[in-house]
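To start, the structure under review is shown below, and the notes come after it.
Residue numbers (my numbering), protein chains in the order written: chain A, 191 to 398; chain B, 25 to 718.
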């Protein structure tokens with residue numbers, strides 16, 4: 191088995207760290223499986239959103255409460271953070287020092303928090319306009335789906351901080367490397383979910 | 025309790041939440057039974073604590089079992105949990121049968137509300153805290169051994185899964201003592217379980233117990249799918265795995281994809297109840313039918329999560345006790361996978377009457393009947409395996425035979441129910457109750473009991489009493505037929521399920537027979553406990569240290585009984601199916617290894633018990649609106665996970681010398697054992713070494 195053969199989907203450690211590459215095989219597959227399970231949760235919430243969409247109950251409509259400009263900005267921020275996390279992964283794989291790795295992780299963290307801040311501001315605006323979850327089934331479905339993604343981003347940010355601390359404490363040992371591979375998958379997965387949210391929730395909401 | 029500081033500290037708890045207080049105020053039979061059940065939980069807990077303290081076994085229990093990451097010990101703990109919960113839920117079933125037999129044109133001895141709690145806990149426990157732990161336990165114990173691995177892919181996660189399940193089961197037990205359980209059935213349908221109709225703590229107990237359990241099961245599925253994909257011994261190709269491992273793989277995949285719908289259903293119901301959302305309410309656009317879809321998107325695959333491992337056990341047992349290679353191995357693997365895939369395409373048959381179009385019902389009805397095809401293939405394969413084999417009627421084999429007969433009857437009534445026009449007639453009647461018990465008792469319970477008898481000598485090192493095994497078997501089978509065949513008649517005659525009082529005297533004889541059947545089933549459980557007690561007492565006479573009491577076929581029989589912590593002193597090399605059966609006939613086993621190496625195993629961890637306990641405490645806080653406990657619990661879980669991620673000293677090494685010594689001791693025991701022919705395998709002559717017929 192050559193050192194360049196993939197042991198799991200996604201970025202492999204390859205020749206840079208043979209021993210960890212072997213361990214990463216089942217560790218990363220396990221995380222992929224978790225993501226698939228998580229994807230089922232999101233799929234069902236999307237389906238529920240679709241079912242609940244007509245349940246306006248004479249309350250606010252999607253077109254009336256969604257701010258597409260803000261959602262677009264959030265999309266750009268999150269996509270950029272995925273790019274910066276990619277740079278962090280490459281630094282983890284190829285760099286000997288930790289400077290660039292920590293730098294890119296810090297940029298990712300800032301972008302993640304910026305995304306969360308904007309999203310919370312959007313929610314506050316919606317509440318202010320009478321669009322709160324107890325108002326109608328449609329809003330219930332919205333506030334189950336979109337904040338759950340936000341909660342994932344929040345947990346991802348906590349995880350980023352924990353790993354940055356661990357890089358400082360332990361250096362790049364096998365477990366830290368594997369956890370960076372996993373967090374990378376998680377972060378990119380949240381991007382994909384967000385793209386679905388942007389398309390299914392926000393863009394569809396423009397159709398009044 | 026509703027003034028001053030109390031609501032902040034105790035949430036919505038008050039003294040009338042205790043069944044003792046209720047029984048004191050209103051001493052009816054129903055309340056006294058409730059208080060009696062609560063006392064059993066309290067006294068049971070106190071006796072257990074006192075006994076462990078008196079024996080001085082806390083340290084042993086904590087370091088050898090509770091914090092262990094050994095898949096074998098985790099498996100055993102799951103099965104212990106399953107037996108405890110089986111006892112409770114079976115007693116509840118007996119109470120319900122007695123009530124219905126008693127309540128013909130009278131109110132009986134159990135109040136309607138109490139009766140509703142009984143059928144809700146009976147169903148929830150049997151599915152989530154008896155069946156799931158039992159099959160998870162067997163999979164845990166057997167799978168790594170059969171694929172030639174030293175442990176699962178994620179040992180710590182395995183312990184967390186166990187303790188989430190344990191914490192959830194604990195919450196079920198607490199609901200007997202503090203407050204009341206849901207009256208909404210095991211499926212918890214809204215809008216009845218919404219705040220508008222059930223403002224009490226009952227549905228909340230159900231929501232959080234089921235949610236904790238389902239998260240545990242999702243993680244178990246993840247763990248075993250990765251274990252089976254990545255941890256197989258060299259040469260153990262997918263098509264060389266035992267059929268039990270195949271069913272474990274399919275069950276794991278089903279858990280990964282089918283448990284999330286349940287988590288979503290219960291989480292959305294919780295949002296409705298706690299934060300006033302409108303998913304399933306009757307107003308403001310809520311749609312309870314969406315709940316039925318979400319719940320059964322889980323619920324139907326769940327049926328196959330339960331049944332497939334039993335199919336795996338039967339495949340092992342039938343092949344071993346017929347001394348024949350499994351007939352139609354390839355067709356069995358394909359059938360297993362086909363069932364796993366089809367199980368996602370039939371969920372609507374649980375609510376044909378919900379109002380969707382006839383076309384949709386027809387599609388799901390046909391899909392449902394299709395599942396009968398791969399299942400039929402399996403039954404034929406097992407029959408062909410026995411054909412011209414030397415069948416030995418040991419206890420596991422008896423369960424397998426009873427399963428084949430009984431399961432086919434249940435399958436036929438299933439095909440009847442798959443026809444929407446017929447389903448409309450018997451929907452929500454005892455016909456349905458008879459059908460699913462007819463599937464799950466042979467299709468799960470008999471299978472797990474067969475597996476329990478089959479692998480018990482491997483796990484504990486001695487055989488179970490054959491005589492009491494047969495008595496228990498007889499009771500399980502006779503009891504089943506007596507208890508459930510009458511329900512078909514009653515259901516066809518129109519008796520609704522979950523009925524607390526009966527107004528048709530013509531039902532009386534059938535209800536009496538069913539009641540008698542329930543008592544026989546209770547005797548069956550008692551016989552199992554007697555068997556366990558006697559077998560432990562007579563263990564020295566029934567040791568099978570050499571490890572192969574049944575002339576077994578899979579790798580798990582090629583090591584000592586009980587196996588060492590690391591399973592295999594040297595990871596075996598696999599050359600084909602039934603590697604041990606073929607190999608021992610070529611003299612390939614029972615030899616010392618050329619070299620022994622140091623073995624690295626995970627250290628014990630208290631992460632699992634802490635997460636399970638704190639998770640259950642947080643869930644209890646959610647049930648009673650004790651918000652400080654919820655916040656503390658969630659923070660403690662997050663903190664535990666982060667703290668554990670900083671732990672680096674998580675492995676310990678077993679030196680090669682110790683491995684070699686252990687192996688030598690076992691090989692000496694093998695050399696001292698007398699090989700026996702199959703005719704006397706159920707006698708004390710069986711020391712775990714099979715005579716190789718030439």
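Ideal Cβ placement from N, Cα and C applies to all residues, glycine included.
Burial state of residue i (16 or more Cβ within 10 Å)
i, result
"residue 382/B", "exposed"
"residue 125/B", "buried"
"residue 311/B", "buried"
"residue 592/B", "buried"
"residue 175/B", "buried"
"residue 354/B", "exposed"
"residue 585/B", "buried"
"residue 377/B", "exposed"
"residue 504/B", "buried"
Backbone CA spacing between residue i and residue j [nearest angstrom]
i, j, result
"residue 570/B", "residue 682/B", "19 Å"
"residue 343/B", "residue 499/B", "25 Å"
"residue 391/A", "residue 400/B", "45 Å"
"residue 340/A", "residue 173/B", "39 Å"
"residue 707/B", "residue 430/B", "29 Å"
"residue 191/A", "residue 205/A", "Because the pLDDT at residue 191/A is just 46, under 50, the model does not fix this residue reliably, and the point stays unresolved."
"residue 227/A", "residue 265/B", "25 Å"
"residue 73/B", "residue 91/B", "18 Å"
"residue 542/B", "residue 229/A", "43 Å"
"residue 236/A", "residue 271/B", "31 Å"
Residue-level contact to chain B via CB, residue i, 9 Å cutoff
i, result
"residue 354/A", "no"
"residue 228/A", "yes"
"residue 278/A", "no"
"residue 348/A", "yes"
"residue 363/A", "yes"
"residue 255/A", "no"
"residue 241/A", "yes"
"residue 202/A", "no"
"residue 370/A", "no"
"residue 272/A", "no"
"residue 388/A", "no"
"residue 215/A", "yes"
"residue 296/A", "no"
"residue 174/A", "Given a span of 191 to 398 for chain A in the structure shown, any question on residue 174/A remains unanswerable."
"residue 331/A", "yes"
"residue 223/A", "yes"
"residue 238/A", "yes"
"residue 359/A", "yes"
"residue 220/A", "yes"
"residue 231/A", "yes"
"residue 244/A", "yes"
Residue-level contact to chain A via CB, residue i, 9 Å cutoff
i, result
"residue 285/B", "yes"
"residue 314/B", "yes"
"residue 302/B", "yes"
"residue 639/B", "no"
"residue 174/B", "no"
"residue 221/B", "no"
"residue 291/B", "yes"
"residue 177/B", "yes"
"residue 296/B", "yes"
"residue 6/B", "Any answer about residue 6/B is impossible in this case: the structure gives chain B only from 25 up to 718."
"residue 147/B", "no"
"residue 288/B", "yes"
Residues bridged to residue i (per DSSP)
i, result
"residue 625/B", "676/B"
"residue 746/B", "No information on residue 746/B is available, as it lies outside the stretch 25 to 718 that chain B covers here."
"residue 714/B", "700/B"
"residue 749/B", "Within the shown structure, residues of chain B are numbered from 25 to 718, placing residue 749/B beyond reach of any answer."
"residue 128/B", "526/B"
- Message: Counting only Cβ-Cβ distances shorter than 9 Å, please list the residues of the segment 246-266 of chain B near chain A, keeping chain order.
- Response: 246, 247, 249, 250, 251, 253, 254, 255
- Query: In chain order, what residues of the segment 299-327 of chain A put their CB closer than 8 Å to some CB of chain B?
  - Reply: 323, 324, 325, 326, 327
- Where the segment 521-534 of chain B meets chain A: residues whose CB sits under 8 Å from a CB there: none
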